[in-house]
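Step one of this worksheet: look at the structure below.
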Amino acid sequence: MKLSKRNLHKKEKLTALAFVALPVLGFVVFTLLSLVAVVYFSFNDYNIFRDELTPNGIQNYVDLFTNPTYSDAFGRSIFNTVLLLVSIPLGMIAGLALAAVLQSKAVKKASKFFQVLYYLPAVTSAVAVNIVFRYIFNPEYGFINTLFNVEIPWFANDWLVKVAIVLKNVWASMGTSMILYIAGMLAIPQSYYESADVDGASATHKFFKITLPLLTPTTFYIIITNVIGGLQSYADAKVFGNGTSGSQTIVWFIWEYGLNQGKQGLASAASIILAVAIMIVTILQFKFSDRWVYGEEKQ
-9 MKLSKRNLHK
1 KEKLTALAFV
11 ALPVLGFVVF
21 TLLSLVAVVY
31 FSFNDYNIFR
41 DELTPNGIQN
51 YVDLFTNPTY
61 SDAFGRSIFN
71 TVLLLVSIPL
81 GMIAGLALAA
91 VLQSKAVKKA
101 SKFFQVLYYL
111 PAVTSAVAVN
121 IVFRYIFNPE
131 YGFINTLFNV
141 EIPWFANDWL
151 VKVAIVLKNV
161 WASMGTSMIL
171 YIAGMLAIPQ
181 SYYESADVDG
191 ASATHKFFKI
201 TLPLLTPTTF
211 YIIITNVIGG
221 LQSYADAKVF
231 GNGTSGSQTI
241 VWFIWEYGLN
251 QGKQGLASAA
261 SIILAVAIMI
271 VTILQFKFSD
281 RWVYGEEKQ
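The numbering used here applies: residue -9 is where the sequence shown begins, and numbers increase by one.
Below, the structure written as structure tokens:
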């Protein structure tokens, strides 16, 4: 028996609703309701160990910036989180350099192999990467100290642990940047380079005048995603730095005070501040992107 157009349309509508229902339900339960709960807890003195909840207005937010018991650790976590973002441009530069080399004729045949090799860190667990690098930078028997026959206390000094984290993050992120830059390079019309060859442009001139400008959309995407991810860094502090003062990040602070010490209200306030900061930074990046992000229409 054939379905009428009306029944067929109704069936298609129900099928579509069935497909979108689960993702929407997941968003409502695990994102929207969680966000509402965090906002609510941030205006309460809530200790999960004693199961006590007392409204205290904006006191949690005030304590984060004025109460030395919390403000010192929170300020340090903000400083560390922002400082560790230096690994983003370094990883992008390394990824761009790799992409340029792998797209050159000299290594064209082996390009696929090296792309897979350098991209492996991106598909490796962040926890596993941090554990491996913790052994590499181990002060007693680590690869770095053994190789150079030195005794550098990587985890005992706040600045040295930051250097180690930055080096690790550059290694872990450059593969993703490389793949994205290669994809961007392949999307650039060859006619631009052919016209430049006719004009006698050098390889360096073509790279800086054609390749780099047309890769700015890719660069913008990498910056956006890496900054958002970097501001939410946790494994660096917990697994690699083991919670030392030089490695503590904002998300580590949220975990430490929210789950380890049970101060859910304080941790919720820190979470809201982090979310607002990420939103503001992202909006500003989009706002100023027109000044430096180019596409084919601007060439």
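The beta-carbon is built from N, C-alpha and C at its ideal position, and this holds for glycine as well. All values derive from a computational prediction rather than experimental measurement.
- What residue range is occupied by the uninterrupted alpha helix (DSSP H) comprising glutamate 184? 180 to 188
- Mind checking who asparagine 37 pairs with in its DSSP beta bridge? Glu42 and Lys253
- Task: Below 7 Å CB to CB, which residues in the same chain sit around tyrosine 154 once its five sequence neighbours on both sides are set aside?
- Result: What sits at residue 154 in the sequence shown is alanine, not tyrosine. Correct list, in chain order: Phe127 and Trp144.
- For the alpha helix (DSSP H) holding phenylalanine 230, just list the boundary residues, first then last. Here phenylalanine 230 belongs to no alpha helix (DSSP H), and DSSP marks it neither H nor E.
- Item | DSSP three-state assignment for lysine 3, whether helix, strand or coil | DSSP places lysine 3 within a helical segment (H, G or I) once states are collapsed to three.
- Query: Counting Cβ pairs, one atom from each stretch, are 3 or more of them under 8 Å apart for the segment 261 to 275 and the segment 21 to 41?
  - Reply: yes
- Leaving out five residues before and five after isoleucine 121 in sequence, what residues of the same chain have Cβ atoms less than 7 Å from its Cβ? Same-chain partners within the cutoff: Val229.
- Query: In three-state DSSP terms, what is alanine 282?
  - Reply: For clarity, residue 282 is tryptophan in the given sequence; the question names alanine instead. Looking at tryptophan 282 - three-state DSSP - the assignment turns out to be coil, as it is neither helix nor strand.
- Message: Just to confirm my understanding: we take leucine 316, look at its own chain, exclude 5 residues before and 5 after, and list those with CB closer than 6 Å. What are they?
- Response: Only positions -9 to 289 of the chain appear in the structure, and residue 316 is not among them; the question remains open.
- Task: Please say whether threonine 209 and methionine 82 have beta carbons closer to each other than 9 Å?
- Result: yes
- Going by Cα to Cα distance, which pick from Ala177, Phe197 and Leu176 is closest to alanine 186? Phe197
- Message: Can you tell me where the alpha helix (DSSP H) holding glycine 47 begins and where it ends?
- Response: Element bounds for glycine 47: n/a, residue is neither H nor E.
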